[in-house]
Amino acid sequence: MNQIKSLSEDLRNKISAGEVVERPSSVVKELLENSLDAAATEIIVIIEKGGHQLIQVRDNGHGISTDGLSKAFKRYTTSKISTLADLFNIHTLGFRGEALASIASVSEINVSSSVDSVSGYQMSISNGVTSDIKAAPPIGGTEITVRNLFYNTPARRKFLKSINSEFRQIVKMVRRFGLDFPNVSFILEHNNKKVLNLFPESLEDRIVSINDPTFRDQLLKVDLIKDDYKISGFVGTLNLIRKRPGQQYIFVNHRYVQNRLLNSAVYSAYESLVKRGEYPFSLLNLTIPADQLDVNVHPMKIEVKFIDEWRIYNVVKSAVRDSLSSILSTIPSFQYDKSFYDSNKTFVPNQDQEPIDFNIFPDSSTKKDIQLPKDSIIHFNARSKESTIKDVNSLWQVHNKYIISQINSGLVIIDQHVAHERVLYEEALKAFDNTPLSAQTLLFAEELEFSPDEYNIIIELLPYLEKLGFRMKEKGEYKIILEAIPSNMGWGNENTVIRDIIDNYISNKENSSTFIEGLAASFACHAAVKAGDSLSEEEMNLLVNNLFTTEHPYYCPHGRPIIVQLSLEELDLRFERI
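Residue numbers (this note's numbering): 3 to 580.
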């Protein structure tokens with residue numbers, strides 16, 4: 003049996019580092035928190051090879067004294083708390099005194115700092131061992147350079163993702179801080195290329211700068227004070243709803259947090275506006291007394307506990323709902339007085355009442371077009387492709403949403419959106435394998451502007467987008483010229499389709515097959531006809547025929563049913579004929 007023994011300090015440090023330093027973006031987070039705690043107003047982040055090779059953060063904050071430098075990289079040394087009571091009254095982003103020591107134990111570090119314009123100091127740390135402090139030119143703040151992350155823990159290093167994947171996490175981290183501190187200037191460079199350049203600005207302007215100009219007129223202000231709670235920020239209109247989470251930000255006392263209850267409060271406020279699987283944009287800043295929450299519950303400090311969770315839930319929901327009032331007021335209410343319908347009463351027809359004309363075709367031109375000759379009856383077999391619907395006239399569109407047809411055994415109802423989605427999905431998969439989809443040239447080329455990280459993704463995606471029928475040219479300054487769109491896609495929603503494809507790329511790039519399928523699915527979902535689109539009889543026939551030439555005509559790529567069949571027997575039961 004192995005004996006119990008004390009671990010060496012070096013091993014203890016590396017174990018602790020595993021909780022704090024998961025990947026390059028973790029290093030960026032800790033260094034940015036230190037810069038902001040030092041009241042920096044200008045921060046520059048320089049990255050090489052996705053953070054695998056180099057991470058440098060430079061700021062104009064208060065700086066570190068020579069005495070502070072000698073202590074800063076030792077474990078459990080901090081200037082931010084000194085008593086147990088301080089732990090429950092945190093007003094800074096960092097407080098444990100672990101981060102710098104953890105980073106130093108798994109990398110090579112150089113640090114330069116000055117507290118005035120007269121003198122500066124520098125030192126280096128390798129594998130947790132600190133060099134002597136030397137005099138250096140003053141730099142008006144602090145610069146920390148981290149090289150060769152996990153060089154001495156190869157088991158950790160091999161778990162790092164690709165350079166692009168790790169850099170995307172860094173971009174996400176810097177964007178998050180940029181949204182939390184719009185009064186601070188942030189510059190992010192990767193491999194000598196500037197990716198983000200954020201100047202001090204209002205929160206609304208910062209949201210637009212980090213995302214894209216289309217956000218400008220789609221933001222609703224949130225501003226609520228309830229006793230000692232204050233909530234501010236912005237939520238998005240329905241035009242900013244996405245199919246992927248990732249644009250929901252909650253900051254508590256300037257700390258980004260992940261909290262299911264608070265997210266639920268936001269979604270609950272939107273409940274009558276969004277469907278399951280849809281995610282609205284939201285950025286909320288919560289200011290509450292520091293003694294009302296505990297931030298010391300997670301190594302990365304992204305989880306918090308509230309003394310009164312349901313109070314904060316209700317305040318957040320109320321604040322968001324107030325901001326959405328202009329949208330909510332446009333939704334009709336379908337509530338009715340219970341006295342309107344009494345299930346205990348039996349309906350007795352009025353014998354003197356004139357017969358009711360149940361004319362379901364108020365437009366006479368529509369009525370005369372609908373004929374049901376015997377040879378148009380559809381023989382529908384759910385197991386055979388030979389049942390393809392061809393050249394039929396017995397197709398109706400119901401509420402510009404469903405296509406309905408008579409078949410031998412009853413009725414078949416087709417959801418026009420998911421039917422078209424299935425057709426486009428399989429066409430897109432074939433396009434990736436061989437022949438690209440045909441394109442329709444726009445009468446006027448369209449200029450699309452993206453955030454820096456979105457622009458880089460678009461450049462990577464150009465070969466895939468060309469296969470789908472998009473024809474684009476790089477313009478520079480994070481702009482793309484769109485010259486053509488897929489011929490099977492309607493005009494007007496190309497911007498939404500492209501941005502949804504970007505979201506899918508970010509989510510699924512690591513899995514090649516899932517990425518291709520997800521790319522096809524996101525394209526199909528946004529390019530397909532929508533509920534509310536009016537279709538001619540010819541268009542309905544074409545859609546139904548195309549549907550039954552697909553490999554899987556009964557379910558859309560997301561698993562929703564395309565076809566619902568009502569048998570004669572079920573109809574007879576409904577009308578109490580049997």
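Yeah, the Cβ is synthetic: ideal placement off N, Cα and C, and Gly gets one too. All values reported here derive from a predicted model rather than from experimental measurement.
Helix, strand or coil for residue i per DSSP?
| i | result |
| --- | --- |
| Lys160 | coil |
| Ala486 | strand |
| Glu206 | helix |
| Asn193 | coil |
| Arg323 | helix |
| Thr498 | helix |
| Phe188 | strand |
| Gln567 | strand |
| Ser133 | coil |
| Asp229 | coil |
| Phe201 | coil |
| Lys307 | strand |
| Phe525 | helix |
| Gln355 | With a pLDDT of only 36 at Gln355, under 50, the local geometry of the prediction cannot be trusted, and the value read off the model is given with reservation. Gln355 falls in the coil class under three-state DSSP. |
| Glu110 | strand |
Going along the chain, which residues of its own chain have a beta-carbon closer than 7 Å to the beta-carbon of residue i, five neighbours each way excluded?
| i | result |
| --- | --- |
| Ala526 | Glu423, Leu426, Tyr427, Ala430, Pro559 |
| Ile243 | Val276, Glu280, Tyr281, Pro282 |
| Ser440 | Gly471, Ser489 |
| Tyr457 | Tyr480 |
| Leu570 | Ser411, Gly412 |
| Val566 | Ile415 |
Compute the Euclidean distance between the alpha carbons of residue i and residue j, then round it to the nearest angstrom.
| i | j | result |
| --- | --- | --- |
| Glu32 | Asp39 | 11 Å |
| Leu200 | Val186 | 8 Å |
| Asn287 | Val210 | 17 Å |
| Glu191 | Ile508 | 20 Å |
| Ser128 | Ile135 | 14 Å |
| Leu326 | Ser270 | 12 Å |
| Lys477 | Ile483 | 6 Å |
| Gly70 | Asn150 | 25 Å |
| Tyr460 | Ile504 | The question names Tyr, yet the displayed sequence has Ile at residue 460. In a straight line, the C-alpha of Ile460 is about 7 Å away from that of Ile504. |
| Pro156 | Val173 | 25 Å |
| Thr552 | Lys432 | 11 Å |
| Ala103 | Phe75 | 5 Å |
| Val420 | Ser284 | 28 Å |
| Leu205 | Leu226 | 16 Å |
| Ala106 | Arg501 | 39 Å |
| Lys73 | His528 | 56 Å |
| Ser126 | Ser119 | 22 Å |
| Ile212 | Leu181 | 8 Å |
| Leu573 | Asn543 | 25 Å |
Going by DSSP, what residue range makes up the alpha helix (DSSP H) through residue i?
| i | result |
| --- | --- |
| Arg576 | 570-576 |
| Asn166 | 165-182 |
| His422 | 418-435 |
| Tyr457 | 454-470 |
| Thr216 | Thr216 -> no alpha helix (DSSP H), and no H or E assigned at all. |
| Ile105 | 101-107 |
| Val47 | Segment 44-50 is the beta strand (DSSP E) holding Val47; no alpha helix (DSSP H) there. |
| Ser72 | 68-74 |
Whose C-beta lies closer than 6 Å to the C-beta of residue i among residues of the same chain, with five residues either side of it excluded?
| i | result |
| --- | --- |
| Ser407 | Ile380, Ser396, Leu397, Val414 |
| Pro291 | Asp230 |
| Gln171 | Ser27 |
| Ser116 | Gly65, Gly122, Pro140, Ile141 |
| Gly238 | Gln220, Pro282, Phe283 |
| Lys232 | Thr289 |
| Leu222 | Val237, Ser325 |
Going by DSSP, what residue range makes up the beta strand (DSSP E) through residue i?
| i | result |
| --- | --- |
| Leu549 | Segment 539-549 is the alpha helix (DSSP H) holding Leu549; no beta strand (DSSP E) there. |
| Leu445 | 441-451 |
| Lys136 | 136-138 |
| Glu32 | Counting along the chain, Glu32 falls outside any beta strand (DSSP E), though it belongs to the alpha helix (DSSP H) covering 26-39. |
| Lys245 | Taken as a continuous stretch (DSSP letters only), Lys245 belongs to no beta strand (DSSP E), as it is neither H nor E. |
| Ser128 | 122-128 |
| Glu476 | 473-478 |
Looking only at its chain, what residues have a beta carbon closer than 8 Å to the beta carbon of residue i, apart from the 5 residues adjacent to it on each side?
| i | result |
| --- | --- |
| Thr34 | This sequence places Leu at residue 34; Thr is not what is there. These residues qualify, in order along the chain: Ile45, Val47, Val59, Met175, Val176, Phe179. |
| Tyr315 | Leu263, Leu264, Ser266, Ala267 |
| Leu537 | Gln399, Asn402, Ile405, Gln418, Val531, Leu545 |
| Glu168 | Arg25, Pro26, Ser27, Gly52, Gly53, His54, Leu162 |
| Asp214 | Glu451, Phe452, Ser453, Glu456 |
On the DSSP bridge list, what partners appear for residue i?
| i | result |
| --- | --- |
| Glu253 | This sequence places Phe at residue 253; Glu is not what is there. Bridge partners of Phe253: Tyr258, Asn287. |
| Thr144 | Asp61, Ser115 |
| Gln5 | None, per the DSSP bridge assignment. |
| Ile405 | Gln399, Ile416 |
| Phe236 | Lys223, Leu285 |
| Asp296 | Lys307 |
Could you tell me whether any Cβ in chain B is nearer than 8 Å to the Cβ of residue i?
| i | result |
| --- | --- |
| Ser115 | No chain B appears in this structure, which consists of one protein chain only. |
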